[in-house]
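To convert a position in the sequence shown, counted from 1, into this note's numbering, add 4.
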Amino acid sequence: DAMFAKWDAEARQGWDSVPMTPQRLALEMWDVIKDEDWVLTANTLKYWVRKLWNFDKAYRHPGQDIGTSTQVGISLGVGLANKGSGRLVVDIQPDGDLMFDAGALWFAAKHEIPMLFVMYNNRAYYNDWDHQIHLAHERDTDEAKAHIGMDLFGPDPDFAGLARSMGVWGEGPIEKGEDLAPALRRAIEVVKSGKPALVDAVTSRITQKAFHA
Numbered sequence: 005d006a007m008f009a010k011w012d013a014e015a016r017q018g019w020d021s022v023p024m025t026p027q028r029l030a031l032e033m034w035d036v037i038k039d040e041d042w043v044l045t046a047n048t049l050k051y052w053v054r055k056l057w058n059f060d061k062a063y064r065h066p067g068q069d070i071g072t073s074t075q076v077g078i079s080l081g082v083g084l085a086n087k088g089s090g091r092l093v094v095d096i097q098p099d100g101d102l103m104f105d106a107g108a109l110w111f112a113a114k115h116e117i118p119m120l121f122v123m124y125n126n127r128a129y130y131n132d133w134d135h136q137i138h139l140a141h142e143r144d145t146d147e148a149k150a151h152i153g154m155d156l157f158g159p160d161p162d163f164a165g166l167a168r169s170m171g172v173w174g175e176g177p178i179e180k181g182e183d184l185a186p187a188l189r190r191a192i193e194v195v196k197s198g199k200p201a202l203v204d205a206v207t208s209r210i211t212q213k214a215f216h217a
């Protein structure tokens, strides 16, 4: 219990930051879905989700992080597997991955796959950006250029608008943590009606320490 309390306290650091911190995204999601019979598919936010969510049943997560652009899109396989089960299928969706697999939203709408897509939108291909910074240090090159081709802002992709254009219910972008829970509840009602829904949550960039943990 002391360890969980410690993690919860850590997660509340920077609570009022705008955009919201990744850990607040994890906590706000948990507060909304904890009373549902949920299944988590892709989980790029694993550093915090593993600490803050209660995985009390084996089916809560498939055991590995599936659903990248090179596998089955945005975890639609898990959504299909649970279709009709009454379980709330949740995908924590990185913005960079969705840029490669936007057509999966159309597929979800076309075939009425009831899933909740929650964008983990840090406005970057962060995995590659982090790698470019590492290489800059290794090669003694200019770290200030590491963002080239790695950032996802100016213009900012409108993922909620993208979802709607594909036939998926969409809301966002949401930068304030206090606005997230109401949007998630609205989206869950859509999912319970048998349709996919997307909420675009914008977060601050994660630190390299948290990224590698």
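No residue lacks a Cβ here, since even glycine has one placed at the ideal position from N, Cα and C. In this text, all values refer to a predicted model and were calculated from it rather than measured experimentally.
- Of all C-beta pairs linking the region 58-69 to the region 165-177, fewer than three are shorter than 8 angstroms, placing the two stretches out of contact.
- The alpha-carbon separation between A113 and T145 amounts to approximately 45 angstroms.
- Per the DSSP secondary-structure output, P118 pairs with nothing in a beta bridge.
- Rounded to whole angstroms, the gap between the alpha carbons of R64 and W42 is 6 angstroms.
- Taking a 10 Å sphere around the C-beta of E175, we find 16 or more other C-beta atoms and assign the residue as buried.
- Remark: C-beta atoms of V206 and E182 do not approach each other more closely than 8 angstroms.
- Per DSSP, G174 is one residue of the beta strand (DSSP E) stretching across 173-178.
- For secondary structure counted as the beta strand (DSSP E) over 3 or more consecutive residues, the region 50-112 holds these complete runs in sequence order: 92-98.
- In the structure shown, D35 falls within a helical segment according to DSSP collapsed to helix, strand and coil.
- If you look at D12, you'll find it in the alpha helix (DSSP H) that goes 6-15.
- Excluding residues up to 5 positions away in sequence, T25, R28, G181 lie with their Cβ nearer than 8 angstroms to the Cβ of W19 in the same chain.
- For V206, the enclosing beta strand (DSSP E) starts and ends at 201-206.
- The three-state reading of DSSP puts V195 in helix, counting H, G and I together.
- Check the Cα spacing between S169 and each of I78, V93, G107: the tightest is with G107.
- Straight across, the Cα-Cα distance linking I37 with L92 is about 8 angstroms.
- Per the DSSP secondary-structure output, L44 pairs in a beta bridge with V94.
- Nearest in C-alpha terms to P118, of all of V172, P200, W52, is P200.
- Its chain contains L92 as the residues whose beta carbon lies nearer than 6 angstroms to that of E40, once the 5 sequence neighbours on both sides are disregarded; these appear in chain order.
- Note: M170 is not bridge-paired with any residue in the DSSP secondary-structure output.
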